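Numbering (my numbering), first residue to last: 419 to 1046.
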């Protein structure tokens, strides 16, 4: 660089100057960069090769585990018995069961009914329900977990109808499952007895029966797995169309049930093969075993059909009685709501006379009436809120009582069945076993139904006690508010006190007349509902008789057709024809039972869907009304 220095006396002179700047700089080494890139790429490839497959396996393993958990949850949901927790603070035999220590010890605990304070004490439930202790989880079929109490705490008729339909559908599912279990357990027990009679002893005897038992369980599991897989696919396909999804799921459920119903018939052929493969029985001896088993299963099918008919009739009677109760309670609720309006209308009629006589202005009348009606609305809301809260609280505790009673009964019944099966294991008389085992189950079912009816009646009575007490409180509150109304009229009216007293007396007389009319209407409606119930029972008998005639006619037609076909066959001897006829008779009995059960379930499923839809429409209408 150069600088020029100016001076007044000197000419311009340029001096060369050198300035050095020190700076840091980086020289790119292309070879080093290329090597580092190659090394990083190689390392990344190695990580990918060794780590990614592991991650992918873990991912798919996790997905599979999640899917299995979902399927297991669904399988548990579909299981007829559900796990519930029982609070063991009360026992019907005056004992308290201590289960928190896991030993099931019992100690006596006297009950002091009616001596506690508050609502539960008044109802005689204080010692039963006041102390909440640790309980235990047990399996109780969902159709027995709730009853009348669960219906009565549905505070609209649509909700109550939906709960009734749901309980009926659960009971039909229980009936199907219960009869299926009886059929399966008796099939295995009779097979064991037949093999023992054929001189087959342990360990071969137990091994053969276990083969059949395991095969039955495996087939049922395969059917259930296929069902769950198909359901999962349907839920994806019809995720936005709930109605179509419900219909498809119903079809899948019916198809799976039909497959399960065929399992025992399929097992008979497998038993034949196992006997040929593992025993020294002759073909004639094997045929004798199978023929005897088929004959006994035919007897059992008839008994199972009779039991289905009996329980179906009991279910319809219960349904009619429950609807009768709900209808009558709706009438009572409507009359209770009209009580305040009737009182206001009565006061208005009397106050109009004061206005006409000039003892009260129209404005004063409206102000007094408006305040009175606002107070009645507040009272009505408060009493309704109290009633619902107390009923829900009591229903929860009554449900615990129900669970305890049902659980105790189930344990007792299981012990009785185990004892009988143990005794039957030493016998070879299958005919006697069918009678004794089925008779025991009949007694147990009757005992269970009787207990359930008793619990329903108890729940109805105790929940009604709350309603009656709340209604009495409501009437008393209206009367107290009426006294304030009378004073308000007397203070603003220019009428003579005697005229005001006459008005008050006329109002009270009118309210007494309305109360008499209310009771008469209740009695009339009660008689009408009872007549409707009796008519329903007569209709049920007619329907049963008609159904039996149709089934008998169909069976005769089918028998005639089979006979015609067999008689036209020249290749079959008489023995073969008889065998085919026996097989046909048994198969038709099984098929008829399956069809009748499927028909019953379809009816109850449709009733449940319609009731659920009505409930949704009622809620929708209520929300629309609130928005406007």
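We treat Cβ as the ideally placed atom computed from N, Cα and C, and that holds for glycine. These numbers were taken from a predicted model, which means no experiment stands behind them.
In this structure the stretch 632-648 does not lie against the stretch 879-886, because fewer than three pairs of beta carbons, one per stretch, are closer than 8 Å. Counting along the chain, residue 603 sits inside the alpha helix (DSSP H) bounded by residues 575-615. Taking residue 721 as reference, the option from 1008, 914, 770 with the minimal CA-CA separation is 1008. Taking a C-beta distance under 7 Å as the contact criterion, residue 793 and residue 899 qualify as a contact pair. For residue 746, the enclosing alpha helix (DSSP H) has its first and last residue at 701-774.
Under the three-pair Cβ rule at 8 Å, the stretch 997-1004 counts as touching the stretch 703-721. For residue 559, the three-state secondary structure derived from DSSP is strand. In this structure the stretch 949-965 does not lie against the stretch 755-770, because fewer than three pairs of beta carbons, one per stretch, are closer than 8 Å. If you compare the alpha carbons of 585, 876, 598, 864 with that of residue 1026, the shortest gap goes to 585. A distance of 7 Å or more separates the beta carbons of residue 758 and residue 788. Around the beta-carbon of residue 772, 16 or more other beta-carbon atoms lie within 10 Å, marking it buried.
Going by DSSP, residue 933 is part of the alpha helix (DSSP H) stretching over 915-985. In the structure shown, the three-state DSSP call for residue 565 is coil. According to the DSSP assignment, residue 844 belongs to no alpha helix (DSSP H), since it is labelled neither H nor E. In this structure, the alpha-carbon of residue 565 lies about 8 Å from that of residue 873. Within the model, the alpha-carbon separation for residue 640 versus residue 604 is close to 22 Å. Around the Cβ of residue 981, a 10 Å sphere holds fewer than 16 other Cβ atoms; the residue is exposed. If one requires a minimum length of 4 residues, no alpha helix (DSSP H) run lies completely within the stretch 801-830.
In this structure, 738 is the residue among 667, 606, 738 with its C-alpha nearest to the C-alpha of residue 583. Below 8 Å, too few C-beta pairs join the stretch 1014-1033 and the stretch 741-751 to call them touching: fewer than three.
One Cα belongs to residue 596, the other to residue 933, and the distance between them is close to 50 Å. Residue environment analysis places residue 809 among the buried positions, since at least 16 neighbouring C-beta atoms fall within 10 angstroms of its C-beta.
Under the three-state reduction of DSSP, residue 466 is assigned to helix.
Cβ-Cβ distances below 6 Å link residue 749 to 943 in the same chain, with the five nearest sequence neighbours on each side left out; the list follows chain order. Between residue 790 and residue 903, the C-beta spacing is below 7 Å. Straight-line spacing of the CA atoms in residue 682 and residue 876 works out to 42 Å. Exclusion of the five residues before and after residue 806 leaves 571, 573 as the residues of its chain whose Cβ lies within less than 8 Å of its Cβ. Looking only at 686, 616, 752, 633, the smallest Cα-Cα distance to residue 699 is reached by 616. Inclusion of residue 607 and residue 842 in the CB contact set at 7 Å is warranted, their separation being smaller than that value. Taking all protein chains shown into account, residue 912 has fewer than 16 neighbouring C-beta atoms within 10 Å of its C-beta and is therefore exposed. If you draw a straight line from the Cα of residue 935 to the Cα of residue 760, it is about 12 Å long. The DSSP-derived three-state label of residue 681 is helix. Under the three-state reduction of DSSP, residue 909 is assigned to helix. In the three-state scheme derived from DSSP, where H, G and I count as helix and E and B as strand, residue 990 is classed as coil. The three-state secondary structure of residue 657, taken from DSSP, is coil. Each residue's CA atom was taken as its position, placing residue 949 and residue 867 some 25 Å apart.
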